Amino acid sequence: MAARTPRMQLADQVAEELQNKIMNGEWKPGQKLPTEFELLEELNVGRGTIREAVKILVSRNILVIRRGNGTYVTEHPGLMDDPLGFSFCTDKRKLAQDLCEIRLFLEPNIASLAAERATEEDIAKIMSCCQAVEQAIYAGTSHRTEDILFHEAIAAASHNQVVANIVPIIHQGVSLFIIVTNSSLLEMTIRTHRQIADAIARHDGNAAYAVMREHLIHNRDRITAETDSLSAGSC
56 MAARTPRMQL ADQVAEELQN KIMNGEWKPG QKLPTEFELL EELNVGRGTI
106 REAVKILVSR NILVIRRGNG TYVTEHPGLM DDPLGFSFCT DKRKLAQDLC
156 EIRLFLEPNI ASLAAERATE EDIAKIMSCC QAVEQAIYAG TSHRTEDILF
206 HEAIAAASHN QVVANIVPII HQGVSLFIIV TNSSLLEMTI RTHRQIADAI
256 ARHDGNAAYA VMREHLIHNR DRITAETDSL SAGSC
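Those letters in the sequence shown? Residues 56 to 290, by the working numbering.
Here you go:
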């Protein structure tokens, strides 16, 4: 392996310094970084070093470059888009079923934790996301993004950093469910989401657990019914 150049070594140091700013909360997820000129002035390094450092952090999914707009902290710093290789699973219905099984293991307990630990700010966020899902459904538009944000808000309210990092990966199941079932069970989604949000707002862990489990069982059963129907039709 070739020896590392001094500039690359310096770029690693600068990348670590930039990462520390994110970890310390100076730059938050979704926030735009200072301009390249401002960074080189602040860090007293050359433009090439800044660019190499940014590339390092982009490769780690900590920063994202938006052409013509600037460099931003990613929404989930350090989490890759597809770390578990779901995009290589060709049978999306089977993948949706398997993801739903994993969600059944995890999310009722996550909802229970959220009910125990949620702050008033957490509850307001969950309620807002719940309402956004309802508005999208009633408007007849896709509610996929709003649905994912609802579940991620619950995960954040658990105040468990491992959960907060795992759930965005698992919630590819939300997207797959909506695609596989063609956005069916909309009224069930509205009802159970609202019941989950209300249980968390009441800090009722048992109710949050039970309704989240009901919600996911409905999802699982719908995916199974869709799969069985297709299998029967192909015979």
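We treat Cβ as the ideally placed atom computed from N, Cα and C, and that holds for glycine. These numbers come from a predicted model, not from an experiment.
Between Ser213 and Ile165, the C-beta spacing is below 8 angstroms.
For Ile120, the uninterrupted beta strand (DSSP E) segment begins and ends at 118-121.
C-alpha of Phe160 to C-alpha of Glu242: approximately 24 angstroms in a straight line. For the pair Ile209 and Ile245, the CB atoms are not nearer than the 8 angstroms cut-off. Counted as a single uninterrupted DSSP element, the beta strand (DSSP E) harbouring Val128 occupies residues 125-128. The three-state secondary structure of Lys87, taken from DSSP, is strand. For Glu130, the CB contacts under 7 angstroms within the same chain, skipping 5 residues up- and downstream, are Pro84, Gly85 in chain order. Nearest C-alpha to Gly123 among Ser183, Gly140, Thr90: Thr90.
CA-to-CA, the gap between Ile77 and Pro132 works out to about 9 angstroms.
Cβ-Cβ distances below 8 angstroms link His258 to Ala170, Glu171, Ala173 in the same chain, with the five nearest sequence neighbours on each side left out; the list follows chain order.
Taking a C-beta distance under 8 angstroms as the contact criterion, Cys184 and Arg249 do not qualify as a contact pair.
Assigned with DSSP and collapsed to three states, Asp202 falls in helix. With a 10 Å radius around the Cβ and a threshold of 16 neighbouring Cβ atoms, Ala254 comes out buried.
With fewer than 16 other Cβ atoms inside 10 Å of its own Cβ, Val217 counts as exposed. In the three-state scheme derived from DSSP, where H, G and I count as helix and E and B as strand, Asp146 is classed as coil. Each residue's CA atom was taken as its position, placing Ile225 and Thr279 some 19 angstroms apart. If you check the CB distance, Asp177 and Ala219 do not come in under 8 angstroms. Within the model, the alpha-carbon separation for Phe205 versus Val119 is close to 24 angstroms. Under the DSSP assignment, His248 falls in the alpha helix (DSSP H) whose first and last residues are 241-256.
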